[in-house]
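One structure is given below, encoded as structure tokens.
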Amino acid sequence: MTFRICLIEDNPKVCDTLKDHFARDFESDITIFDNCTDAISWLDQKLADLIIVRSILASEERAAQKIFSYLYDKERTHLPVLSLGEIDFVAKEISLLPAKFRLEELNRQVIKLLRIDKDKIFLLKKPNYIGFPLRDYFLMKIAPCDLYLKIERRDGPQFIKRIHESDEIDREALQRYEAQGTDEIFVKKENWNSLMRSFLTAASTGILKLEKQQTYSHLEISDFYGLVKDMVSFNRGHSVTEEFIHLLAKTVHAGDHQFKNFYINANQVLKSQSLFDYKHARLQILLGLACIDEIDWYASNKDKKTLIDQLIFCCLLKDLYLQDQEEFEITSLDKLNHAESRLTPEARERVETHAHKAALLAQSLSHLPNGIDVIVRQHHGSDNGVGLMLYHNIGISPMAMFLIVLDDLSLEILKKSGDGLSKANLEVILSRVFDHFSSATYLKIIQAIQRALKEN
Ligand SMILES: [Fe+2]
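Sequential numbering of the sequence shown, starting at 218, is according to our numbering.
Next comes the structure, spelled out in structure tokens:
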């Protein structure tokens, strides 16, 4: 479906930017006017889905009000209006953006006003066949739709049907394709949502089976985490991503209560064949749960459930956009400068922006505990989530500071406990971590962790 947008704006630069933006991001038809009179005569004859109006134009000081009065007279106030810039009258039907706005803010408002659902936005800009990592199809038993391989031909790519809808997924065939260098399996665009749903069903069924058997397999949960990572990088904000992250948080929460003892839990994670990314996130959750009682702001807070949920969701979300182990290990500006020559420009970009992107992801998901986006954005100390810091920032949220220490500690544990983690080697690791920090606020957190893990 193409949206019809009427833009009333007299700054040619803004008009050009928005014209490209709407064509690219919303497949919309945009008609632009630099004054209200022309816009109104157009609106008299044409239908629009959304009006975007600069609140003050050179030719009209109260442009947004004029448009709203027109709609009111014509009894068309159901037509959404977005004002660019403040207005000095009250009309709850008008949405506002500041005079200078970011395109992301504009997107959020437009999505809300046009009532576009998240799943449709993803599909708006996609080609007819969409690929998803082959490794994830191993988690699925039955093909929810026809599955295709992409073959590059001289006259362009061709998509060949290899697995039919409702057929059992042949693991050997998948392995063969993988050995031949195929890393993605494609579905038709119209089947994308059903593919995503099937992944969710496969993961939920797998987890339910584990729960029934009362076993806790880190490897299986790690596959599931890998699937969430792929889903996020392919499909930010899809409704299924949201359900996945909630299911994952619930599973992790349940698993970590299986054994009270931190060392038993941590060794199970370390000895499993799980993904590095999963071990990294999971260790931070285990450490956090084992130590949070000793942290003063937690002890004095009445809403402990929210804080625990914040801890779990932040650890699961904050590094979803990182890829290689080396990227996880770059946690400061110093380390980034040292790694500079080995990093590709894409890897550097991921390291520097992953906190910001994960915060945007958190904002796009519903029913998360309050404040997740802020903590995720600050999880390397930077206020806007972009770049790394030379010194440990103490002007950020206490949970973000706690996570900075947990991140450092989990990386040291992953490096130094190949044969398992004991109280003795954790003490050595903790003293190393102590040397990484100089600010009293952070040292206090490490001391609290030392106390908690001594008693565990
Ligand atoms: Fe990070």
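Note that beta-carbon positions come from the ideal geometry of N, C-alpha and C, so glycine has one too.
- The three-state reading of DSSP puts Tyr287 in helix, counting H, G and I together.
- The Cβ-Cβ distance between Ile438 and Thr399 does not fall below 8 Å.
- About 18 Å separates the beta carbons of Leu288 and Val327, which is beyond the 8 Å limit, so they are not a contact pair.
- Contact check between the region 353-373 and the region 384-399: three or more CB pairs, one atom from each, fall below 8 Å, which counts as touching.
- Closest option to Leu436, judged by alpha-carbon separation, among Leu492, Ile338, Gln595, Leu605: Leu492.
- Taking the Cβ atoms as the reference, Lys406 lies roughly 11 Å from Lys342, outside the contact range of under 8 Å.
- If you check the C-beta of His609 against ligand 1, you find no heavy atom less than 7 Å away.
- Less than 8 Å divides the Cβ of Leu647 from the Cβ of Ile666.
- Cβ-Cβ distances below 7 Å link Val449 to Thr458, Leu537, Leu578 in the same chain, with the five nearest sequence neighbours on each side left out; the list follows chain order.
- With fewer than 16 other beta carbons inside 10 angstroms of its own, Val645 counts as exposed.
- Judged by their CB atoms, Gln595 and Ile611 are not nearer to each other than the 8 Å cut-off.
- Here Ile377 has Tyr365, Leu366, Ile368 as same chain residues with Cβ atoms under 7 Å from its own Cβ, once five neighbours each way along the sequence are excluded.
- Assignment of Arg221 by DSSP, reduced to helix, strand and coil, places it in the strand class.
- Restricting attention to Met606, Phe451, Leu444, the CA atom closest to the CA of Phe461 is found in Leu444.
- The shortest C-alpha to C-alpha distance from Leu620 to any of Cys232, Gly637, Ser599 is the one to Ser599.
- Beyond the five residues adjoining it in sequence on each side, Leu331 comes within less than 7 Å, by CB distance, of Phe220, Asp266, Leu267 in the same chain, given in chain order.
- Per DSSP, the beta-bridge partners of Thr248 are Cys223.
- Secondary structure note for Val307: it is in no alpha helix (DSSP H), with a DSSP letter that is neither H nor E.
- Going by beta carbons, Ile304 and Ala275 fall outside the 8 Å limit.
- Pro344 sits in coil when the DSSP states are folded into three classes, being neither helix nor strand.
- Straight through space, the alpha carbons of Leu340 and Ile509 are spaced by roughly 42 Å.
- Its chain contains Ser614 as the residues whose beta carbon lies nearer than 7 Å to that of Val591, once the 5 sequence neighbours on both sides are disregarded; these appear in chain order.
- Positions of the alpha helix (DSSP H) runs, each at least 4 residues long and wholly inside the region 529-568, are given as 542-546, 550-556 in order along the chain.
- The alpha-carbon separation between Arg293 and Ile338 amounts to approximately 26 Å.
- Annotation: the continuous beta strand (DSSP E) that includes Ser312 extends over 311-314.
- Taking 7 Å as the cut-off, one finds at least one heavy atom of ligand 1 near enough to the beta carbon of Asp536.
- When distances are taken from the beta-carbon of Ala572 to the heavy atoms of ligand 1, the shortest one is below 7 Å.
- In the DSSP assignment, Gly588 is bridged to no other residue.
- If the five residues before and after Gln375 are omitted, its C-beta is found closer than 6 Å to the C-beta atoms of Ile368, all from its own chain and listed in chain order.
- Of the residues assessed, Tyr515 falls on the buried side of the cut-off, its CB having 16 or more other CB atoms within 10 angstroms.
- Placement of the Cβ of His238 at a distance of 7 Å or more from every heavy atom of ligand 1 is found.
- If you check the CB distance, Leu412 and Phe349 come in under 8 Å.
- Counting along the chain, the unbroken alpha helix (DSSP H) around Leu631 starts and ends at 615-633.
- DSSP lists Ile268, Ile311 as the beta-bridge partner residues of Val298.
- For Ile529, same chain residues with a beta-carbon under 7 Å away, outside a window of 5 residues either side, are Ala466, Val469, His470, Ile502 in chain order.
- Per DSSP, the continuous alpha helix (DSSP H) segment holding Arg241 begins and ends at 229-243.
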